[in-house]
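Asker: Residues in the sequence shown are numbered consecutively from 47, following the working numbering.
Input: one structure, supplied below.
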Amino acid sequence: MTGTAYLQQDARVGACAQVSIWAGMRHLHARYGYNWVSVAEITRLATPTAPDEATSLPAGSDFLTSERMLRAISEAGYQPLCFGGPNIAGTILPYVESGIPVILGLNIGAEVGHAVTVIGRVFAKQAQPTYNAIDYVPAYIVHDDQGGPYMLLPVEDPSSTSHPFGGDTIMRTTTSRTVELSASHANFAVALMSPRVFSTAAVAEVSARDRINGTLSMLPFIRQRLVALGLPVNERLLDELQDAHSNDKIVLRTYLTSAAGYRRHLANGTACDDLKDALLALHLPHFTWVTEIATIDSYNHSFAAKRRCYGHTIIDATSTGRDGDGLLALHLPGLLFTKDVDGLGQEQDNLAIIEGDDLYKCRSKNG
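Right under this line is the structure:
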């Protein structure tokens, strides 16, 4: 059986903040062998010595501020990557798609805050599909130390969506009301990142989008040149992709993966053999950001396993990721652009023709 460890709060040594950190670390320890510490140790690492936090014994066992949570995560050997702003739900999606636990801080006005661990997401078909990946996610799957494991946290106010959530959403009772929580109540989020990653999903996706847009704008010239050279061109899929690009119907989905994980998915996936051979021969850094390229038609399905992509980019996650830095490869139907550096340090784009190319399954992260 595959699952994610769950723990209820023990008020003697910690609160929801410590439990949410523990759950994230426990998952990464079980899956990748990363550091994992106890709830009591998390409280100690947070060193809650401010007057308003040192009101319980042990200090911090009642609650931790977001600053203390970041300190505990850092002291445990992770890079805490913090997010804020109005679109937290969309910002954290690439990390959840990567299998990275995300701690979400929820707040209802002036009431005491609450923390949960995001461990997955629900995928659904849209009646009116868009190009935003988050719009296909009606809810996140969370561990809530008060409500239970595998609870649903709607991305939007449940009253404003037609998705059937059932009775597994998180309810929070205050002195004056009972509220059904959603991601709209989030005021901060923290992803537990490996110290070996040096670029964010947002930066990687901007670089990927710029390269995709630039290449698609040049595609008529590239296709004309290939025909002149007598090389095969995947007319049908390139036509579909160009049409989607012209009508703002490209859906991009970004996630972080290890080189071993990328190769394993590729080898077991549905890409054509010619593409597999070319990509499996690439030298990759330990971590890469992958951005899958789909269209609304190929992405908008009832189940995530039915999604198909036309191609993807690979960006070195140990680079800055900015302005195309670290962009290692771009695959489009029948075409594979790879970046090579010669002995003089001059970057060059190589183009390989992929015969028998077709749509292939988007990656699904299990566990």
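Just so it is clear, CB atoms sit at the ideal spot from N, CA and C, and this is done for glycine as well.
Just so it is clear, the structure is predicted and the values come from calculations on it, not from any experiment.
Relative to the C-alpha of A327, which residue among A237, S84 and A306 is closest?
Answerer: A306
Asker: Flag this pair as yes or no: are the beta carbons of G380 and L312 separated by less than 9 Å?
Answerer: no
Asker: Where V148 and Y308 are concerned, what is the direct C-alpha to C-alpha distance, given to the nearest angstrom?
Answerer: 21 Å
Asker: Taking the straight line between their C-alpha atoms, what separation do you get for F234 and I268?
Answerer: 45 Å
Asker: Indicate the three-state DSSP secondary structure (helix, strand or coil) for D214 in the structure shown.
Answerer: coil
Asker: Taking C-alpha atoms, which residue in A250, P195, Y80 and H75 lies nearest to I361?
Answerer: It is A250.
Asker: Please state if the CB of L302 and the CB of V336 are separated by a distance shorter than 9 Å.
Answerer: yes
Asker: Output the boundary residues of the beta strand (DSSP E) element that contains C408.
Answerer: Counting along the chain, C408 falls outside any beta strand (DSSP E), and DSSP gives it neither H nor E.
Asker: Per DSSP, what kind of secondary structure is Q174 in: helix, strand or coil?
Answerer: coil
Asker: Return the Cβ separation of A92 and R77 in integer angstroms, given the expectation that the two are a contact with Cβ distance under 8 Å.
Answerer: No, A92 and R77 are not in contact; Cβ-Cβ is about 24 Å, not under 8 Å.
Asker: If you drop the 5 nearest sequence neighbours on each side, which residues of the same chain put their C-beta closer than 7 Å to that of S365?
Answerer: F244, S245, D371 and G372
Asker: Could you pull out every residue in the same chain whose Cβ sits closer than 6 Å to the Cβ of A290, ignoring the five residues on either side in sequence?
Answerer: I296 and T341
Asker: In angstroms with no decimal places, state the Cα-to-Cα distance between A86 and P184.
Answerer: 35 Å
Asker: Starting from the Cα of L199, find the closest Cα among N178, G166, Y141 and L127 and give me that residue.
Answerer: G166
Asker: Could you check the C-alpha separation between T111 and P126 for me, to the nearest Å?
Answerer: Taking the straight line joining both Cα atoms gives about 14 Å.
Asker: What residue range is occupied by the uninterrupted beta strand (DSSP E) comprising N233?
Answerer: A232 to M239
Asker: Quick one: Cα of E143 to Cα of I399, how far?
Answerer: Computed Cα separation, rounded: 30 Å.
Asker: Assign P241 to one of two classes, buried (16 or more other C-beta atoms within 10 Å of its C-beta) or exposed (fewer than that).
Answerer: exposed
Asker: Taking its Cβ as the centre, do 16 or more other Cβ atoms sit within 10 Å of G79, making it buried, or is it exposed?
Answerer: exposed
Asker: Whose CA, out of A317, T50, Q64 and V188, lies closest to the CA of L382?
Answerer: A317
Asker: Within its chain, find whatever has a CB closer than 7 Å to the CB of L116; leave out the 5 residues flanking it on each side and keep chain order.
Answerer: P126, C128 and V236
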